[in-house]
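Only one structure is covered here, and it is reproduced in the block below.
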Amino acid sequence: MQVRIEVRMPHTAAAREIVRQAATLGIRGLTACNLSRLYFLSHHPGTESLQRLCALLLVDPVTEQAHWQIFDGAPPPAESPHAVIEVAPRPGVTDVEARELVRGMAELGLPTCEVATAMRYELVGDLSQADLHRLARQLLCNETVEHYCLGPIIPQFGVAAQAGDQVETVPIRTLTDPELLALSRDRLLSLDVDEMRAIQAFYVAQDRDPTDVELETLAQTWSEHCVHKTFRACIDFTWLDEAGQVKAQETIDGLLRTYIRAATEAIAPPWLHSAFVDNAGIIAFDDTHDLAFKVETHNHPSALEPFGGANTGVGGVVRDILGVSARPIATTDVLCFGPQDLPHEELPEGVLHPRRIADGVVAGIGDYGNKLGLPTASGAVLYDPGYLGNPLVFCGCAGLLPRGSHPTAPQPGDLVVVLGGRTGRDGLHGATFSSAELTHETGEIAGSAVQIGDPITEKGLIEVVERARDQQLYHAITDCGAGGLSSAVGEMGETLGVEVELTRVPLKYPGLVPWEIWLSEAQERMVMAVPPDRLKALQALAEQWDVELSVLGRFRDDGQLRVYHDGRVVADLPMAFLHEGLPRRHMRAVYQDPAPAEEALPDRPAGELLLALLAHPTVASKEAIIRRYDHEVRGGTLVRPCTGPELDGPTDAAVLKPLGTWHHSRAFALSAGINPLLGRRDPYAMAVSAVDEAVRNAVAVGADPDYIAILDNFCWGNPTLPDRLGGLVRACQGCYDAALAYRAPFISGKDSLYNEFNGQPIPGTLLISAIALVPDMHHTVTSDLKAPGNRLYLVGETRPELGGSLLYALLGQEGGTPPGLLADPLPRYRALHRAIRQGLVQACHDLSEGGLAVALAEMAIAGRLGAAITLPTDDLADSGWLFSESNGRLLVEVAPEDVDAFEAHFQGLPLIPLGDVTSAGRLRVQRGNRTLIDLELDTLVSTWKGSLS
Amino acid sequence: MKPSILILHASGTNRDQEAARACELAGGAPEIVHINQLRRGERRFQDYQILLLPGGFSYGDALGAGTRLALDLHVYFHDELHAFVESGKPVLGICNGFQALVKAGLLPGPLDGTGNGDMATRPATLTENARGHFECRWVHLAVNPQARAGWLAALDELIFCPVAHGEGNFQVKDEATLAALEAEGLVAFRYVDQGGQPAGGQYPLNPNGSVADIAGICNRAGNVVGLMPHPEDHLLPIQNPLGSPGRSGLALFQALVASVQ
């Protein structure tokens, strides 16, 4: 006998939202919606037990009502006069509700049984069958991780067990090239013919064929995701001028080595402690502690299952920070979405609507970060049609660790210990999947690559790792990310050798074959190398914090990776071949300079353009998103994402004070620079501008310009196509030049390539994230105007650089000169920093998308004060002054009594007095005797806050 | 001797470190204790002078915020906890801790002054925010001068601090329950505007739709208090986003510590 329990929820906000979203789908027949949670028990525990279960655990007696039905075989019919859709997680998908219900039943002493959950939607109104299917598919159910039924859903308890010990031998030695490629494709290996040949040659020499475990291990270890083949490749680069004539040709000995690492090595500041060698970059924070920072992307999973993709994106980058033995203390996120108002009929087949993607991603980030108790303090959200089929989700995490506390040398004899979540069939082929392009079929075939996270298990890991580190219980640690155990164990044992027994891996459900256990990317797992005499202490910690621990094997000094399943060898590979056998790629890149620059002068009034820019989703208020994230937890967010008297103005960067360091005044800033519009025009300009933006955002809030480390995250199209790779080369060259100009070393980075949908690449997008020292937490600055009568200054030179600007995007104009690299940008930032340290700066805001006009308007909006400025009368066009996006510029508010001291810092540096803060409630911009802009503050506020609210 | 404060940590608790810091700054001696240490008998409720249930997402808020933690309290610690409460020692629940105390039936506790609070028949709850999702924003809180929690009388100004929750919407079974809460002085905190006037249900002053702007309640004995906002996130002026002095949450922790001295 099975039980179906239905709990009616008073979920009016969610119900209203469903009706509203249905209308945007064109389904106007839906007038109301009732929501219920469903719980299924595989065995009837008896009426009294059921009553107790409902009263104590399942039903809120104040707001909810429940009833149950007992049935055998087919579920009872839905008792509803209305149409019904029921949605349940697919078997094997993380279901924390079900797990906690099982635990709660055990706690209550009820007989154990299997549990399944579902959601029930009663839909009121005139709806056709086709309407219902559309509602289910486009609104209520994501078939990647869920399934639905029009009517009562049939509960699926667990996963059907099957014999779980098959190991296949894959004949490879006699295959032709096309057959090798077919094998790579059929098994989702994402390896090219050279790589397949290298594997073939190895097995020919070994005189045997690979097991599926070995082949999958090689594919994961050699994946773009794990080994960055493109960034290590030898590249023949051809640079063409705008007419297609060859300007230059060179061979690049690896993008990473030539540009990114080379910049870091050339700068090498004393406070840089670790770059590129570990899961995250590390810089010094104070006398005793270091800061770690890492940013990852989770684009492909978020395209298919936005909530789960973003959810596990946060989880993954948090584990990167754990992987350098740091306590995670803050997260960042930068998101790129397609247009939110896209008509449904224009949506390509196989793509989720950008609105649904955005809603899911934001909810997924909030769910994970909030539940971990990490402030999501910094970020950006951009909208562009180029992200329609392929959204970008950059997740970052910063951590704190005592200096010298991160051990990195496993010893022979150390135990291979896995901690955290159980292993299921989730996330298979994530590493190789991320190296493939998306098509409209991807959602169907790659569903297993997407997972739902379990932040509470990860929270336990955070607590255990911190204590295990302090008690020195491990010799090495790494996270289980892409490639799962195969990557984590394989990398940790690279210099030694390792043997593991797969039957010791705790499984979520039976039936996984050996390669699936070994490759699974189930979340919330860390691997440690633990000296045998420390195991007991680690077990005690794990037990106290409710974290599961298992010993899988041992590190050895024989240079072999040996994987066993129930005592039988299923993989036996030399570490040397696994880690060095990958042939280096030789690639071809071509970049052609864009067509000649033509500055077009807009003929619309400046005030009208300003309002249009303020309403642009990329500029407009992100408050609706920001408030979904806890940016206050840990009590150290000193400069928040929102500022001003109404706490709704935009800030340039977050300033954070870590718990445990309140005895001194140091804090740190997290900021970002990103501009895909510029990338469309000129990837080099995008790179230098992103570095400038990240640096100036950090400086604007009080960071020391000589103490800024940066991270690069490239999201690009298919790099095997020379034009895509050509743009990537130019962006890397920009990174190198800018890093040197700003003396800002790269400490970590990541690339996400093959971001294409049905053959269309995303706009090549570079995110520069910065982590910077704020020497004195008492001297931070926010962007809101503070008091009428204060003076306004512009730092930096304004040039006719409208190419790739938001104004041009708005007007649909091509061409124009993009912002260039400044010859010597640091002196102005140092001057500003000195002024901030002396308390001479009341407010400061960087000039980015929309230029001076938007920055000034944002300061006025944030401070709810007016401003009156007068622009210089020189050769620059009005639109250049107002909307150009030249680098190195900030607006600064200074009290009248501080004017002389402030100006003294800028001797010989570009600084222009512009005007005053006013109490008039208006924004006025004059030029000579012409009024360019005269707008009421209320109009600015409502325009800027209006969209997406 | 500084008063000893048990800060209860269950899987998913996350504002325990800030709560501990707040207690320290207020002159207390906090210890973060995992619920498993209590279950194994390595620590005992009775050895502490104050019990604090901090914020977070115990058990991931699965089956409702605070519900699983409430079940733990009910199943494993029913007698010890009730003994602690009946001895008159202070218990403070913040956010998820408040949710757990309400769902365990300890808040508001029996309205007629008899018997124990009961998990299954509790008269009040904290349910999904009226706007249907998690929200983080700063709010102004006023102590109800009629509150039975006498130690709150030491708070002479508003508290300005953030809320960060998805299920903070305080609701009651019926009108009579609300009337009893008001009449008996069981309303401890309300959401108010900057000037201290009741929010009147207005969003965002009342951020979650709570009935009668109730942000926190206490039991009849006045020793068990719970609230949704996070006074532990505003202890020093530098944490105040408006930059103005005063209205810090530290006063709440000072009053809590002082109440046992």
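Protein sequences appear in the order of chains S and F.
Take 1 as the starting number for the first sequence in the UniProt record's numbering and just add one per residue.
Take 1 as the starting number for the second sequence in the UniProt record's numbering and just add one per residue.
Note that CB positions come from ideal geometry on N, CA and C, so glycine has one too.
From a predicted model like this one, the values you see are computed outputs, not experimental measurements.
When rounded, the separation of the alpha-carbon atoms in Arg696 (chain S) and Ala330 (chain S) is 21 Å.
One alpha carbon belongs to Leu753 (chain S), the other to Thr13 (chain F), and they sit about 37 Å apart.
Assigned with DSSP and collapsed to three states, Cys141 (chain S) falls in coil, not helix or strand.
Spatial neighbours of Lys508 (chain S) in its own chain (CB-CB distance under 6 Å, excluding positions within 5 residues in sequence) are listed in chain order as Arg422 and Gly424.
At a Cβ-Cβ threshold of 8 Å, Val3 (chain S) and Leu58 (chain S) do not count as neighbours. At the C-beta level, Leu108 (chain S) and Ile27 (chain S) stay beyond 8 Å of one another. Check the Cα spacing between Ala744 (chain S) and each of S:Thr376, S:Val393 and S:Val688: the tightest is with S:Val688. The beta-carbon of Leu647 (chain S) is placed less than 8 Å from the nearest beta-carbon of chain F. Nearest C-alpha to Phe134 (chain F) among F:Leu141, F:Ala147, F:Gly166 and F:Leu227: F:Gly166.
Counting only unbroken stretches of 3 or more residues, the beta strand (DSSP E) elements lying wholly within the stretch 589-663 of chain S are 637-639 and 654-656, in sequence order. At a C-beta separation below 7 Å, Ala62 (chain F) has these neighbours in chain S: Val96, Glu97 and Glu100. Interface criterion not met: the Cβ of Pro775 (chain S) is under 8 Å from no Cβ in chain F.
Between the stretch 63-81 of chain F and the stretch 188-200 of chain F, the count of C-beta pairs closer than 8 Å stays below three; the two stretches do not touch. Per DSSP, reduced to three states, the secondary structure at Val102 (chain S) is helical.
For the stretch 184-210 of chain F, there are no residues whose beta carbon sits under 7 Å from a beta carbon of chain S. Spanning the alpha carbons of Gln760 (chain S) and Pro391 (chain S) requires a straight line of approximately 13 Å. Residues of chain F with a Cβ closer than 9 Å to the Cβ of Asn34 (chain S) do not exist, since the nearest Cβ in that chain sits about 15 Å away.
A residue is called buried when at least 16 other Cβ atoms come within 10 angstroms of its Cβ; Leu601 (chain S) does not meet this threshold and is exposed.
Taking 4 residues as the minimum length, the alpha helix (DSSP H) runs contained wholly in the stretch 172-233 of chain F are 175-183, in order along the chain. Taking C-beta separations shorter than 8 Å and ignoring five residues to either side along the sequence, the partners of Thr258 (chain S) in its chain run Ile252, Cys732 and Tyr736, following chain order. Looking only at S:Arg208, S:Leu291 and S:Val416, the smallest Cα-Cα distance to Val500 (chain S) is reached by S:Val416.
Of the candidates S:Pro827, S:Thr112, S:Val795 and S:Lys294, S:Thr112 places its Cα closest to the Cα of Gly46 (chain S).
Annotation for Ser769 (chain S): Val295, Gly396, Ala672 and Leu711 place their beta carbon closer than 6 Å to its own, counting only its chain and skipping 5 residues before and after. DSSP links Val569 (chain S) through a beta bridge to S:Tyr564. When the five nearest sequence neighbours on each side are left out, the beta carbons in the same chain lying within less than 6 Å of the beta carbon of Leu6 (chain F) are those of Val33, Tyr48 and Leu51, in order along the chain. When secondary structure is reduced to three states using DSSP, Glu128 (chain F) falls in the coil class, being assigned neither helix nor strand. Nearest to Asp723 (chain S) by C-alpha distance, out of S:Gln472, S:Glu250, S:Val551 and S:Met587, is S:Met587. Distance from the CA of Leu613 (chain S) to the CA of Arg103 (chain S), rounded to the nearest whole angstrom, comes to 53 Å. As for any beta strand (DSSP E) of minimum length 3 sitting wholly inside the stretch 108-183 of chain S, the runs are 115-125 and 146-150, ordered along the chain.
Put simply, the CB of Asn219 (chain F) is far from chain S, with every gap to its CB atoms at 8 Å or more. Residue contact with chain S for Glu135 (chain F): present (Cβ-Cβ distance below 8 Å to some residue of chain S). For Ala212 (chain F) and Arg190 (chain F), the gap between their C-alpha atoms comes out near 8 Å. Residue pairing by DSSP leaves Lys459 (chain S) without any beta bridge partner. When CB distances to chain F are screened at a threshold of 8 Å, the residues of the stretch 58-88 of chain S falling below it are Leu58, Asp60, Pro61, Val62 and Thr63, in chain order. At a cut-off of 8 Å between beta-carbon atoms, Tyr387 (chain S) makes no contact with chain F. Only Glu543, Gln544, Trp545 and Asp546 from the stretch 523-555 of chain S bring a Cβ to less than 8 Å from some Cβ of chain F.
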